[in-house]
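Step one of this worksheet: look at the structure below.
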Amino acid sequence: MQLTRNGQTIFLTEHKRDCEPGGAVYFVVPNVNSCFAEFTGRGVVPEKPPANTPWGTCEMLLIDPDGNRLRFASEYQREITSNWTILNGENL
């Protein structure tokens, strides 16, 4: 299996001796939602669509036919809320 995007290529292959299928690769991309749209536009069905994580990323997961887990992630801006109050009564 080969993935090529924006001039970068990763080639995954099945080996019988020196490694086992079922590894994992983590890709950091500028926009995981556009990556998702590109994959689904080509008929690829992700195992998990893009979702925000508690650690500040938006991630999606693909699993190839050999069981390799391909996770794509980008940062997202979380809305920060605070329960702190300053002396004049405004929320911080």
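Count the sequence shown with the numbering used here and you get residues -7 to 84, in order. Using N, Cα and C, we set each Cβ at its ideal position, and we do this for glycine too.
Query raised in the report: Would you report the Cα separation of Gln0 and Glu39, rounded to the nearest angstrom?
Result: Within the sequence shown, residue 0 is the residue found at index 8, counting from 1. Within the sequence shown, residue 39 is the residue found at index 47, counting from 1. Their Cα atoms are separated by approximately 23 Å.
**Report entry** Whole-number beta carbon distance between Phe19 and Arg63, since they are thought to touch under 8 Å
**Finding:** Working through the sequence shown from its first residue, we reach residue 63 at position 71. Working through the sequence shown from its first residue, we reach residue 19 at position 27. Confirmed, Cβ separation roughly 7 Å.
Query - As assigned by DSSP and simplified to three states, the class of Val36 - result: By 1-based counting over the sequence shown, the position of residue 36 is 44. Correct three-state label for Val36: coil.
Query raised in the report: Hey, quick one: how far does the beta strand (DSSP E) through Tyr18 stretch, first residue to last?
Result: As a position in the sequence shown, residue 18 is number 26, starting the count at 1. It spans Ala16 to Val20 - the beta strand (DSSP E) in which Tyr18 sits, taken as one unbroken run.
Query raised in the report: Who does Ala29 pair with in a DSSP beta bridge?
Result: Here residue 29 is taken as the residue at index 37 of the sequence shown, counted from 1. Here Ala29 is not bridged, per DSSP, to any residue.
Query - Outcome for Pro22 when other beta-carbon atoms lying within 10 angstroms are tallied against a minimum of 16 - result: Taking the sequence shown and counting its residues from 1, one reaches residue 22 at position 30. It is exposed - the Cβ of Pro22 has fewer than 16 other Cβ atoms within 10 Å.
Requested in this report: Along the beta strand (DSSP E) that carries Thr(-4), what are the first and last residues, could you check?
Outcome: The residue labelled residue -4 in the question sits at position 4 within the sequence shown. Its beta strand (DSSP E) spans residues Gln(-6) to Arg(-3).
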